[in-house]
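Contents: one structure, followed by commentary.
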Amino acid sequence: MSPGYKYIFGPVASRRLGRSLGIDLIPYKTCSFDCVYCQIGKTTYQTLERAQYVPTQAVITELEQRLKNPSGIDFLTFSGSGEPTLHIALGQIIKRLKQLSHLPIAVLTNGSLLSREEVQKDLIQADIVLPTLSSLTPENFQRIHHPHPDLKLEKIIEGMISFRKIFKGKIWLEVFLVKGINDNEKEMKLLKSVIEKIQPDKIQFNTSIRIPSEEHSISADEEDMNALAKIFGKSGEVIAEFQAEQIELKSFPNEEEILNYLQRRPATVKDLSRGLSLSEKQAEAVLQELTQKGKIQSKTWREKQVFYIAGKK
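For the sequence shown, the residue numbers in the numbering used here are 5 to 317.
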């Protein structure tokens with residue numbers, strides 16, 4: 005990647021989306037939720053207001069430049085430092101992407117704004133929308149997501165159901181499991197009754213593999229996740245990277261790409277190795293160099309050394 009990109013990062017190796025070029029429309033850490041499991045830290049600005057949080061034309065200009073050579077990219081993915089549907093020009097940017105490239109477009113969203121007609125209109129242009137729905141129990145929904153006080157679970161669910169009726173693309177619904185909160189059969193059977201109305205193409209079970217915003221947030225067990233996924237039949241699958249396969253990228257990442265990755269995804273040596281297709285020896289060397297330069301720091305979490313941008317956690 006050429007120097008100077010501020011709003012796009014990667015491509016990053018993703019188990020779900022292959023080689024994914026990330027598009028980050030939201031400054032750190034602006035969101036409608038404050039999830040206990042968030043890998044980039046606690047929400048510092050919680051809002052439901054849609055606005056131009058980063059300059060629309062600057063994002064488009066970066067994409068125009070990057071997509072002159074789209075080799076090595078499988079997906080264009082809106083994700084990163086906050087909730088992408090909060091950006092008021094999301095639809096405009098997706099429309100421009102459709103003009104620039106034939107690559108499929110994915111949007112990772114917490115689903116909190118899906119009841120809004122203008123958000124549905126923006127997202128309808130995407131190829132895959134990946135919302136999250138982890139609990140139907142108000143108490144557990146609150147414990148897991150710490151949503152903006154004006155958000156109502158019922159409204160979020162209604163939004164997902166109504167969006168499905170008009171959206172012709174794929175919906176891959178994420179169920180994020182937190183041990184001791186929603187990783188049980190009773191919770192999943194309740195969830196199934198609503199998910200059947202949403203009719204997602206896939207139901208993807210995830211849990212904290214990287215360091216979460218609240219360190220008491222505990223990962224669900226792999227065996228339990230597999231059992232709970234079976235409740236949903238063929239649509240249910242576990243996507244947590246317990247044993248993630250290496251996805252080959254096409255070029256060796258430079259320092260800026262590595263910093264862009266860590267800004268949005270704190271990582272162990274093994275995480276960085278997988279995410280950017282480096283050998284573990286290469287990943288370890290570059291992390292040590294960036295630490296010595298003072299650009300990143302690390303902390304120990306569950307007996308693993310996790311690296312992140314200095315001052316972010």
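Glycine included, every Cβ here is placed at the ideal spot set by N, Cα and C.
{"query": "Using the beta-carbon count (16 or more within 10 Å), is A62 buried or exposed?", "result": "exposed"}
{"query": "For Y32, which option in R269, G298, D228 has the closest C-alpha, if you only look at C-alpha atoms?", "result": "R269"}
{"query": "Taking the alpha-carbon of P59 as reference, which of A93, L195, E227 has the nearest alpha-carbon?", "result": "A93"}
{"query": "Would you decide whether A289 is buried or exposed? Buried here means 16 or more other CB atoms lie within 10 Å of its CB.", "result": "exposed"}
{"query": "For a quick check, are the C-beta atoms of I160 and S116 less than 8 angstroms apart?", "result": "yes"}
{"query": "Taking the alpha carbon of R147 as the reference point, which residue from I185, Q50, L101 has its own alpha carbon closest?", "result": "I185"}
{"query": "Let me make sure I understand the geometry here. Which of M229, R19, S85, I77 has the alpha-carbon closest to that of H106?", "result": "I77"}
{"query": "Who are the near neighbours of E158 in its chain, counting only those whose CB is closer than 8 angstroms to its CB and skipping five residues on each side?", "result": "none"}
{"query": "What does the Cβ neighbour count give for I170, buried or exposed, with the cut at 16 atoms within 10 Å?", "result": "exposed"}
{"query": "Can you give me the Cβ contacts of E200 inside the same chain, cut-off strictly under 7 angstroms, excluding the 5 residues immediately before and after it?", "result": "none"}
{"query": "In this structure, how does DSSP classify V242 when only helix, strand and coil are distinguished?", "result": "strand"}
{"query": "Given this structure, state the Cα-to-Cα distance separating I300 from V123, to the nearest angstrom.", "result": "36 angstroms"}
{"query": "Near Y57, what residues of its chain come up, given a Cβ to Cβ distance below 8 angstroms and the 5 sequence neighbours on each side ignored?", "result": "L29, I30, P31, T34, G86, L90, H91"}
{"query": "If I'm right that K183 touches I222 with Cβ under 8 angstroms, what's the distance once you round it to whole angstroms?", "result": "4 angstroms"}
{"query": "Under 7 angstroms from any heavy atom of the ligand SAH, does the C-beta of F171 make it?", "result": "As for the ligand SAH, it is missing from this structure, which has no ligand bound."}
{"query": "Give the DSSP-derived three-state secondary structure of R322 in the structure shown.", "result": "The structure shown does not extend to residue 322, since the chain spans only 5 to 317, so no value can be given for it."}
{"query": "Are the C-beta atoms of I77 and some chain D residue less than 8 angstroms apart?", "result": "The structure shown contains no chain D; it is built from a single protein chain."}
{"query": "With a 10 Å radius around its C-beta and 16 neighbouring C-beta atoms as the bar for buried, classify P142 as buried or exposed.", "result": "exposed"}
{"query": "From this set, N210, E260, Q50, which residue's C-alpha is nearest I243's C-alpha?", "result": "N210"}
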